[in-house]
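**Student:** The structure under discussion is supplied below as structure tokens; questions concerning it will follow.
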Amino acid sequence: MTRWVGTSVPRKEDARLTTGRGLFLDDVGRPGLLHAAMLRSPHAHARIVAIDTTEAARLPGVHAVITGADAAASTAPIRPLIPTPVPLHDWCLAVDRVRYAGEPVAAVAAVDRATAEDALERIHVEYEPLPAVVDPETAIRPDAPLLYPDLGTNVLWHDVLSYGDVAGAFARADGVLAERFEIQRYASTPLETFGAIAEYDAGLDGYTFWTNDQRPGLTLGILAESLRVPQARLRLISPDVGGAFGNKRRPAYLLASALLARRARRPVKYLEDRIENLTALMHACNGVMDLELAYRKDGTVLALRVRDIADEGKNLVSPTQHNLIKLGNLVNGYRIGAVSYEAYSVLTTKCPSGANRGIGKPFMCFAVERAMALLARRLDVDPAELRLRNYVGPGDMPYTTPPGAQYDSGDYPATLRRALERFDYTTWREEQARGRRAGRLLGIGIATSVEPAGTNLASYELITGRRAASGSAEAAMVRMEPDGQVRASIGDPASGQGYETVIAQIVADELGLAPAHVHVERGFDSATTPWLYLSGNYSNKFSVTDVGAVIGAARKVRDKLLRIAAHRLEAAVPDLELADGEARVLGLPGRGLSFRELARTAYADVLGLPPGEEPGLEARHAHQNPLAQPVGPDRRVRSQLVFSNAAHCCLVEIDRRTGQVKILKHVVVHDCGRELNPAIVEGMVHGSTVHGLGAALLEEFRYDEGGQLLTATFMDYLKPTALDVPDIEVDHLEHPSPFTPLGAKGVGEGGAIPGPAAVANAVEDALAPFGVVVRSLPVTSERVWRWLRDAPPAP
Amino acid sequence: MSLITVRLTVNGRQTERAVSPRRSLADFLREDLELTGTHVGCEHGVCGACTVLVDGRTARSCLLFAAQLEGAAVTTVEGLTPAEGLSPLQTAFHECHALQCGFCTPGMLAAAHELLAENPTPTRDEIRDAIGGNLCMCTGYVNIVRAIELAGARIRGAR
Amino acid sequence: MMNMRLVRPARLVDINAVPELSGIAARADGGVTIGALTRHTDLVVSPVVHDRAALLATAAAHVGHRAIRNRGTLGGSLAHADPAAELPAALVALDATLVIEGPRGRRRLAIADFFVGLLTTALGADEILVAIDVPGPPHAGWGFAELARRAGDFAIAGVAGIARPDDSGRCRDARLVAFGAADRPVRLRSAEGALIGTTLSDEAITRAGAEAARECDPPDDVHASSEYRRHLVAVLTEDVARAARDRRAAAAGSPCR
Ligand SMILES: Cc1cc2nc3c(=O)[nH]c(=O)nc-3n(C[C@H](O)[C@H](O)[C@H](O)COP(=O)(O)OP(=O)(O)OC[C@H]3O[C@@H](n4cnc5c(N)ncnc54)[C@H](O)[C@@H]3O)c2cc1C
Ligand code: FES
Ligand code: FES
């Protein structure tokens, strides 16, 4: 049945993308297109006293200038993700007050970007600076400066969720390991920045958007509400997307472009420059986590108590997301019976936080895996052995964790064992000991993780007490065209994952033709692509929902093909097969009809259809993953649905004179169930692992006390280059999920989750003779040098 | 602002245009010549997405003014693409899965092209050095290095 | 600078088409004259530069990445005067002389007098750099070391240096120049003093490192603290002195001194 799925079919996308013939947002041309630029606040926190745009509006080449006042007058506030006790109004441009340096206060559309930027210099804004609040622990204090004084606090959510007998477990424990960990702000920073083209049709009073927004379903709802137009008058199109990783979403920019377009009566493009992208689009939450781990002498972990403060910046669009996802991943593959999680979601005067490869899980994993490393050291047990003692075993699957997540499949101990083998763990431990005697600082870091896929939006009920959206689903369309070839589309706009290829593989198997004859539409078009509110490119959800949508639609087409073929061939459906582009009668070679012929019947010769059969060969299907369920009475919920897992082994060497850390070797063994296209899977693992290594060694958005971002270009915000990372070595196990249509699981985030912990553990291991504890990232050479300098003299 | 007339060769074709003095080469290629294969990822010379060949050597098109290029020969990804099919480098990128979103690919190809023109038998370290100024946020570089290695071997074999 | 909107010049002159500014020529004294428009890549690959000013070729190879080296010019790097730039420091170590031209004619300026502060030089607003003279004979004893956050980045700190022996094999004179350690490339005179008159023994080198740390006063920024830079200057000074010693030893018997 699966001739194509499971093979490394080379990607269909590459023909255009290797030749410069892709169509990215900035490549989209529209007649009369204007270019927008945004005036952004230089202050982290200030009252806007006055804005004067007259001079800008007079500049030749300028077609429209708008401010927050215009936005407030002509749009409804952007709907916040979670309700607050008092309504917080947020428009596409700041009204009255700015809450982070880089927040847009005005926008200009002009004949080209340079003219629009010239006009920005002619907008005069009077600010009354207010105190910035940069540190989340300061922000939760009662005397902290408030972003929204009406709210009376900067805390958007605070709660304690407890599962199992936590107090009892701590009372029974032989010991408690308590540590405080921190995570810095970093971001995946897709190479293409975020933006949109908005076009207003005055005749229809409707808008068309071209955008690389990765949540079209959600965004369309916000646009309709804010612009006060029926959703039917909106159209949203995504072209090729140059990477997304969660970062690409900001309805405000689409709205500002729409207002400019309506005012100028010409299409308007706004595309961030890199400074705007790094300053104002989206950072992963920074935060502080206090973790207590109760254990028995034999290394069994009994319970976890976590207090987690997530710094959202000025984020009303997706706050609490990091907290919720951490909650769902607290126990990280271990059989820990009792957990308690105290969550703070806190506003500060910094760039809005938001989705970023792994969302919250890298920090959760960092804290737990750091704690495991420290516990191994405390108990003098090998860190691999300690993990093996605590894993959920393959025989326990499916296993439900205390907060309600369900581990569906996998063999965590075998994954780690394979990684140790591939890494050559014993040899390197010996080499490390030898090196240490010779003065070399080699360190080995192990980190393992689970990687969930598919978000069940019902989990937000834990926060809001009501259900606005729920479940996990996606929609797809498959259509056999009159020529017998196939067109397919899906509500999930790809951003590099190769969906055009993988969907073609799936459809090819379902219908019995070659992937070359399956044409998957680029991106997304709300006018033609089937979609749901839940549609989009997020949450690792392809395997959980998208595959089911494609299969469902393909099967509807297959069934119809079979019915038409049965009628035409005067055979019974069970006696037919679809293969090689034709319907054949089993056991009767030569008796068959080509798809082209069957399609001719369906579209042209409709009197040849079976009685009652609808003409055409097109089907839509939406797949809802059955694992998603409402929140239970005990506040347990499957917030995410199926779980891949991985083990990383990292070897570092530290230069003791300069503190420089070099990664010599990094092995990843992962299990994402059935691999639909192994080459694509391996590429994902490489890429996401390097995201983790970047966060571990280099990347950091640093703010000064006044809330100014100090690392706002790629010269200061450092991404890993080819020279900073090794050839990632990848191996895999394959335990298909019983709960997804083809047994596949998530693969997009895996490497990014344990990567930072693996590096930190390796660095700490290298520095073990000096008693160093790594509590935060990135491990820069200067920090390592300080640790070495301040260490007590080695024994 | 007065315009400057610039004559240069782009992808083998003689081109003459009047440009604003502040027009970058990247914008000139993308907007004036509609060669949108050259991408802009940072406009500071740091990401490498906009890398093109100027007189056979890599250069950041975001850091050059079009007006500077009087008499120069510029090659973009469009010029590195044969009329039919793919070049050996492009084929190797395709076969080795050396691209995901593809946004970095044109710049990577330019850097790889320069390397292989000078040194068809690069070591992996030399390959990493040659693409060290080109960021890729998707692939972790592993398959890009493999692809360039493979293309080098094939080009060698063909000689 | 312009791309960061840090400078917005009203007028910009492209000097790429001025042929007198290019070219690399051997000098009679064993040194080399380099046109201001010479690209970093050409410094890296030029056999003349390699033979006569290997320190400069090595420094050039540490500038940015290939595509940056293909366009960046020696004159541009000097005139821009970034305190963390490699080439200015290398040229101070090589005691270069700059050829400058303006409406008042041509003048020569010792590089020691060229850098006057952060991104500021002794060039008049109406002057341009024409060429750089690196005096001969070539140094056998030289070293270059830097530490950057990533390969190709501007260095957190670096040191370029030469050490010249007298007939007895002791160090007769030394020029050690730190970059990324002040508002301009700076001579590490106490460190040099610690080497002069010695055989560049390990002890002398360690002392030089300590002197270097004592005498420099590096800045703080997002990439590193002053303290860490100071430490690096010490470590890199040692590396450079050791490299100079080892290269000199390797070249012993060759005609260069
Ligand atoms: C991404 C990136 C990374 C870099 N990394 C490094 C690095 O690691 N180390 C390093 O040292 N440099 C680095 N650089 C700087 C680069 O190497 C160039 O040396 C520098 O940008 C100067 O460029 P240019 O020669 O094109 O001069 P321009 O940018 O054209 O000019 C720079 C300044 O010098 C003036 N100028 C230029 N030539 C002359 C002349 N002949 N006479 C008088 N004035 C003149 C100009 O008016 C201008 O003020 C980097 C640059 C980039 C973009
Ligand atoms: S866009 Fe030119 S280097 Fe990034
Ligand atoms: S493939 Fe996406 S940036 Fe390289």
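Sequences listed follow chains X, G and Z, in order. Start counting the first sequence at 1; every next residue gets the next number (our numbering). Start counting the second sequence at 1001; every next residue gets the next number (our numbering). Start counting the third sequence at 2001; every next residue gets the next number (our numbering). Think of the CB as a built atom: it goes at the ideal place given N, C-alpha and C, for glycine as much as any other residue.
#1: Would you say T115(X) reaches chain G, if we count a Cβ-Cβ gap shorter than 7 Å as a contact?
#2: Note down the Cα distance separating H45(X) from A2151(Z), rounded to an integer number of angstroms.
#3: At a Cβ cut of 9 Å, what residues of the stretch 2150-2180 of chain Z count as close to chain X, listed as they run along the chain?
#4: With a cut-off of 8 Å on the beta carbons, I'd call A2090(Z) and L2055(Z) a contact; round off their distance for me.
#5: Within a Cβ cutoff of 8 Å, which residues of the same chain sit near D96(X), ignoring the five residues on either side of it in sequence?
#6: When you compare the stretch 209-220 of chain X with the stretch 243-262 of chain X, are there three or more beta-carbon pairs, one atom per stretch, that lie closer than 8 Å?
#7: Report the CB separation of M820(X) from K326(X) in whole angstroms; it is logged as a contact under 8 Å.
#8: Under 8 Å between beta-carbons, which chain X residues line up against H1113(G)? List them in chain order, please.
#9: Check the C-beta distance from T1121(G) over to G1152(G) and give it rounded, since I have them as a contact under 8 Å.
#10: Going straight from the alpha carbon of Y341(X) to that of Q406(X), what length do you get?
#11: Against chain Z, with Cβ distances strictly below 7 Å, would G1133(G) count as a contact?
#12: For T2121(Z), which residues from the same chain have a beta carbon less than 8 Å from its beta carbon, with the 5 sequence-adjacent residues on both sides left out?
#13: Have a look at the DSSP bridge pairing and note the partners of N448(X).
#14: Exposed or buried, what is S2168(Z) when buried is set at 16 or more other beta-carbons lying within 10 Å of its beta-carbon?
#15: So, is E796(X) buried or exposed, given that buried needs 16 or more other C-beta atoms within 10 angstroms?
#16: What are the partner residues of L576(X), as DSSP defines its beta bridges?
#17: Report yes if the C-beta distance between A628(X) and S472(X) is below 7 Å; otherwise report no.
#18: What residues are listed by DSSP as bridge partners for M1108(G)?
#19: Please list, in chain order, all residues with a C-beta atom less than 5 Å from at least one heavy atom of ligand 1.
#20: Going by DSSP, name the residue or residues bridged to A2160(Z).
#21: Which word fits V392(X), buried or exposed, when buried means at least 16 other C-beta atoms lie within 10 angstroms of its C-beta?
#22: How would you write the range of the alpha helix (DSSP H) that I680(X) sits in, first residue to last?
#23: If distances are taken between C-alpha atoms only, which option among Q1090(G), I1004(G), A1018(G), A1073(G) comes closest to P1106(G)?
#24: Is the CB of A2213(Z) under 7 Å away from at least one CB in chain G?
#25: Nearest-angstrom Cα distance between V652(X) and Y186(X)?
#26: Should R1166(G) go down as buried or exposed, given a rule of 16 or more other Cβ atoms within 10 Å for buried?
#27: Under a CB-based cut-off of 7 Å, is R1057(G) close to chain Z?
#28: Determine the chain Z residues that contact W785(X) at a beta-carbon separation under 7 Å, and present them in chain order.
#29: Note the first and the last residue of the continuous beta strand (DSSP E) segment covering D671(X).
#30: Have a look at R1146(G) and I680(X) and give me their C-alpha separation to the nearest angstrom.
#31: Using 8 Å for Cβ pairs, my map puts A2234(Z) next to A2204(Z). What's the rounded Cβ distance?
#32: Using the rule of at least 16 other Cβ atoms within 10 Å of the residue's Cβ for burial, across every protein chain shown, is G152(X) buried or exposed?
#33: To which residues of the same chain is W787(X) closer than 7 Å at the C-beta, ignoring the five residues directly before and after it?
#34: Any C-beta of chain G within less than 8 Å: which residues of the stretch 184-197 of chain X qualify?
#35: Could you check whether the Cβ of C1138(G) sits closer than 6 Å to any heavy atom belonging to ligand 2?
**Tutor:** So, to answer that:
#1: At least 7 Å separates the CB of T115(X) from every CB of chain G.
#2: Using only the alpha carbons, I get a separation of about 37 Å.
#3: Listed by position, the residues of the stretch 2150-2180 of chain Z near chain X (Cβ gap below 9 Å) are R2150, A2151, G2152, D2153, F2154, I2156.
#4: Confirmed, about 5 Å.
#5: Scanning its chain for C-beta atoms nearer than 8 Å, with the 5 sequence neighbours on each side dropped, one finds around D96(X) the residues R47, I48, G68, in chain order.
#6: Below 8 Å, enough C-beta pairs join the stretch 209-220 of chain X and the stretch 243-262 of chain X to call them touching: three or more.
#7: As shown, chain X starts at 1 and ends at 795. That puts residue 820(X) outside it, with no answer to give.
#8: Within chain X, no residue comes near H1113(G); the closest Cβ sits about 12 Å away, beyond 8 Å.
#9: In this structure T1121(G) touches G1152(G) by the C-beta definition: roughly 6 Å separates them, less than 8 Å.
#10: Roughly 18 Å between the two C-alpha positions.
#11: Chain Z, which has a Cβ nearer than 7 Å to the Cβ of G1133(G), makes this yes.
#12: Sequence-distant partners of T2121(Z) (beyond 5 residues in either direction) whose C-beta falls short of 8 Å from its own C-beta, in its chain, are L2078, A2079, A2081, F2114, F2115.
#13: The sequence shown places Thr at residue 448(X), not Asn. Paired residue(s): A647(X).
#14: Classification for S2168(Z): exposed.
#15: There is no way to answer for residue 796(X), as the model of chain X reaches only from 1 to 795.
#16: DSSP output for L576(X) lists V585(X) as bridge partner(s).
#17: Cβ distance < 7 Å, so A628(X) and S472(X) count as in contact.
#18: Under DSSP, M1108(G) takes part in no beta bridge, so it has no partner.
#19: Ordered along the chain, the selected set is G1045(G), V1046(G), A2036(Z), V2063(Z), G2064(Z), I2068(Z), G2072(Z), T2073(Z), G2075(Z), G2076(Z), S2077(Z), A2079(Z), H2080(Z), A2085(Z), E2086(Z), I2128(Z), L2129(Z), F2154(Z).
#20: As DSSP reads the structure, A2160(Z) sits in a beta bridge with F2144(Z), V2177(Z).
#21: Flag for V392(X) reads buried.
#22: For I680(X), the uninterrupted alpha helix (DSSP H) run begins and ends at 678-697, by DSSP.
#23: Comparing alpha-carbon positions, the option among Q1090(G), I1004(G), A1018(G), A1073(G) lying closest to P1106(G) turns out to be Q1090(G).
#24: So, not an interface residue.
#25: Answer to the nearest angstrom: the Cα atoms are 22 Å apart.
#26: As displayed, chain G neither begins before 1001 nor continues past 1159, which places residue 1166(G) out of reach and without an answer.
#27: At least one beta carbon of chain Z lies nearer than 7 Å to the beta carbon of R1057(G).
#28: Per Cβ cutoff of 7 Å: Y2228, H2231.
#29: Where D671(X) is concerned, the enclosing beta strand (DSSP E) stretches over 661-671.
#30: Taking the straight line joining both Cα atoms gives about 15 Å.
#31: About 14 Å; that fails the 8 Å criterion.
#32: Answer is exposed; the Cβ neighbour count stays below 16.
#33: In chain order, L767, F770, V772 place their CB closer than 7 Å to the CB of W787(X), counting only its own chain and leaving out the 5 sequence neighbours on each side.
#34: Listed in sequence order: S188, T189, P190, L191, E192, T193.
#35: No.
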